[in-house]
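> The opening residue of the sequence shown carries number 241 in the working numbering; numbering runs sequentially from there. Cβ coordinates follow ideal geometry from the N, Cα and C atoms, glycine included.
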Amino acid sequence: MMQVQKVIERLGYKANEAKVYIAALGLGESTVSDIASKVRLPRTSVQIIVDKLHKDGLMNFYKKRRFKYWIAENPNRLLQKLEERQEEMRAALPQLEKMRRVKQEKTRIRTFEGADEIRHIYDDMLETKQHASCILPLDEWTTLLGSSFLDDFTEKRVRRYLPMRLLSPWTATAEDAKSRDGQEMRETRFLHPDIPISSTLLIYGSKVAIASLNKRSPTAVLIEDTEVRDTNMTLFEEIWSRSAAEGEESSAGAGLFRVLADSSPQPLLIANEKVEIEYANEAWQKQFGYSIAEVHGKNPRMLQSGKTPREVYQKLWGALRAGKTFQSDEVIDKRKDGTFFNLLTTIFPVRQRGKLYYVQILDDITERKRVEDVKNKFVESTAHDIEPRLESIRGMVLKGGRKKVPSDIENKLIELQDIAKKLFGESPAA
Numbered sequence: 241m242m243q244v245q246k247v248i249e250r251l252g253y254k255a256n257e258a259k260v261y262i263a264a265l266g267l268g269e270s271t272v273s274d275i276a277s278k279v280r281l282p283r284t285s286v287q288i289i290v291d292k293l294h295k296d297g298l299m300n301f302y303k304k305r306r307f308k309y310w311i312a313e314n315p316n317r318l319l320q321k322l323e324e325r326q327e328e329m330r331a332a333l334p335q336l337e338k339m340r341r342v343k344q345e346k347t348r349i350r351t352f353e354g355a356d357e358i359r360h361i362y363d364d365m366l367e368t369k370q371h372a373s374c375i376l377p378l379d380e381w382t383t384l385l386g387s388s389f390l391d392d393f394t395e396k397r398v399r400r401y402l403p404m405r406l407l408s409p410w411t412a413t414a415e416d417a418k419s420r421d422g423q424e425m426r427e428t429r430f431l432h433p434d435i436p437i438s439s440t441l442l443i444y445g446s447k448v449a450i451a452s453l454n455k456r457s458p459t460a461v462l463i464e465d466t467e468v469r470d471t472n473m474t475l476f477e478e479i480w481s482r483s484a485a486e487g488e489e490s491s492a493g494a495g496l497f498r499v500l501a502d503s504s505p506q507p508l509l510i511a512n513e514k515v516e517i518e519y520a521n522e523a524w525q526k527q528f529g530y531s532i533a534e535v536h537g538k539n540p541r542m543l544q545s546g547k548t549p550r551e552v553y554q555k556l557w558g559a560l561r562a563g564k565t566f567q568s569d570e571v572i573d574k575r576k577d578g579t580f581f582n583l584l585t586t587i588f589p590v591r592q593r594g595k596l597y598y599v600q601i602l603d604d605i606t607e608r609k610r611v612e613d614v615k616n617k618f619v620e621s622t623a624h625d626i627e628p629r630l631e632s633i634r635g636m637v638l639k640g641g642r643k644k645v646p647s648d649i650e651n652k653l654i655e656l657q658d659i660a661k662k663l664f665g666e667s668p669a670a
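1) Where does the unbroken beta strand (DSSP E) through Asn256 begin, and where does it stop?
2) Once DSSP output is grouped into helix, strand and coil, what is the label at Leu671?
3) How many angstroms separate the CA atom of Thr466 from the CA atom of Lys447?
4) Quick check on DSSP: helix, strand or coil for Pro505?
5) By the three-class DSSP mapping on this structure, what secondary structure does Met425 have?
6) Is the stretch 505 to 513 in contact with the stretch 394 to 407, if contact means three or more CB pairs nearer than 8 Å?
7) Counting along the chain, where does the beta strand (DSSP E) carrying Gln600 start and finish?
8) Give the DSSP bridge partners of Ala451, in chain order.
9) Which class does Glu323 belong to by DSSP, given the choice of helix, strand or coil?
10) Buried or exposed: Ile349, going by 16 or more other Cβ atoms within 10 Å of its Cβ?
11) Helix, strand or coil, according to DSSP, for Ala562 in the structure here?
12) Between Trp310 and Ser277, is the Cβ-Cβ spacing less than 7 Å?
13) Give the straight-line distance between the Cα atoms of Ala312 and Gln326, rounded to the nearest whole angstrom.
14) Write down the C-beta distance between Ile572 and Ser545 rounded to the nearest angstrom, noting that I regard them as a contact closer than 8 Å.
15) Measure the alpha-carbon distance for Phe353 versus Ala451 and round it to whole angstroms.
16) Could you tell me which residues DSSP puts in a beta bridge with Val590?
17) Buried or exposed, going by whether 16 or more other CB atoms sit within 10 Å of the CB of Val515?
18) If you run the structure through DSSP and keep just helix, strand and coil, what is Arg305?
19) Please classify Asp364: does DSSP put it in a helix, a strand, or coil?
20) Which residues in the same chain as Asn539 place their Cβ atom closer than 7 Å to its Cβ, once the five residues preceding and following it in sequence are excluded?
21) Is the number of C-beta pairs between the stretch 427 to 436 and the stretch 356 to 363 that are closer than 8 Å three or more?
22) So, Ser373 versus Phe476, is the Cβ gap smaller than 7 Å?
23) Skipping 5 residues on each side, what residues in its chain have a beta carbon closer than 8 Å to that of Arg272?
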């Protein structure tokens, strides 16, 4: 009997309601008092229960004289009630499903202030485990988040096999990143110059992150919404396809430039319009002792020794502002270890994809200066010494009682004197 009661309870009835119905089935026509006595419940409680079961169609009554006699309906009525509830549930399902989707798709917005908080977006990108599509100015983005952080993120992304597509304005830094696309599971394309950007767009999963690169207060907004994602992805795909042909056209030339620059024995440095270092070839890094990561985004002023005359730099900027090439006679710069060295520098402005860059080619003349110093010291000492030696030879000739140096000897001495003048210049003793 307990098992039957449990079945009825599963249909949504309370334990006492199930007891009353089962008791009424067994008693047949019965009064509330009869049922109350059977289930051992107060008469008032049983009255409330039978009224409810009557409302549900499980019990009915008739009056005989002054008494109500209750009769339990056929148990098939329970199945009918179950089927009715199923139909009601089926009718309500579309609305319930709609409510579920609305809750799931409710737009979620989070804000991040400062570089430290913005870095959390990259953690979320890894946790979402979806490929990413990004539009960003790589140089400014690297300056904000730090090259070491982005390198670490790239390693984690590659370990998780999460590919990335990147759209960035062309810069030496972006070109350097593109050269590593294969090993870093990334495809990089360059934006057309007529598409200026000053903020960052990251699209991954159902999320879109938009970051302002305001130096005083960088801020990012992360929006989780499929419609917002779809709209931004459509725009991304349009720009991506537009950048394809141009990227293929320029990649060969850019790749050749990098090969030539990296293989050049002369140090080469590239700075952007803000005079921030963007690229340094291997010869430059070896010469100065800095890696590109250490100087990226820095002003080349950090390399000055303080020993180059100020007028040299005034001439330098005068030439560059006029769009001309600057060539110096000699500049003294400082390595990372603090040592100084002499060099000749050639700097010229160049425009690439609508942006201004400054290219510097250096020629280390430290060894040449050392050799020249040794030579000058030798010349100076020799020039002072040659004339007295020639006079000494004349004196030795006249000592033998001669009144005049023989013409053949005099001619040889004059010839030696002329040779000395050509080699060393006019003797101070002459």
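Working from what's here:
1) That residue, Asn256, is in no beta strand (DSSP E); its alpha helix (DSSP H) goes 255 to 267.
2) Any question about residue 671 goes unanswered here, given that the chain covers just 241 to 670.
3) Answer to the nearest angstrom: the Cα atoms are 7 Å apart.
4) Under the three-state reduction of DSSP, Pro505 is assigned to coil, being neither helix nor strand.
5) Coil.
6) No, the stretch 505 to 513 is not in contact with the stretch 394 to 407.
7) Counting along the chain, Gln600 sits inside the beta strand (DSSP E) bounded by residues 595 to 604.
8) For Ala451, DSSP records a beta bridge to Thr440, Ala460.
9) Residue state, collapsed to three classes: helix.
10) Exposed, because fewer than 16 other Cβ atoms sit within 10 Å of the Cβ of Ile349.
11) Note: Ala562 maps to coil in three-state DSSP.
12) Against a cut-off of 7 Å, the Cβ pair of Ser277 and Trp310 comes out as no contact.
13) As the crow flies, the alpha-carbon of Ala312 is around 23 Å from that of Gln326.
14) Yes, Ile572 and Ser545 are in contact; Cβ-Cβ is about 5 Å, under 8 Å.
15) Sequence check: residue 353 is Glu here, not Phe. So the two alpha carbons sit approximately 10 Å from each other.
16) According to DSSP, which records beta bridges pairwise, Val590 is partnered with Tyr597.
17) Counting Cβ neighbours within 10 Å, Val515 comes out exposed, since fewer than 16 surround it.
18) Annotated three-state conformation of Arg305 is coil, per DSSP.
19) In the three-state scheme derived from DSSP, where H, G and I count as helix and E and B as strand, Asp364 is classed as helix.
20) Exclusion of the five residues before and after Asn539 leaves Val515, Glu516 as the residues of its chain whose Cβ lies within less than 7 Å of its Cβ.
21) Contact fails between the stretch 427 to 436 and the stretch 356 to 363, because fewer than three Cβ pairs, one in each stretch, are under 8 Å apart.
22) Yes, these two residues count as a Cβ contact at 7 Å.
23) It should be pointed out that residue 272 corresponds to Val in this sequence rather than to Arg. For Val272, where only same-chain residues beyond five positions count, the Cβ hits under 8 Å are Arg283, Val286, Gln287, Val290, Lys308, Trp310.
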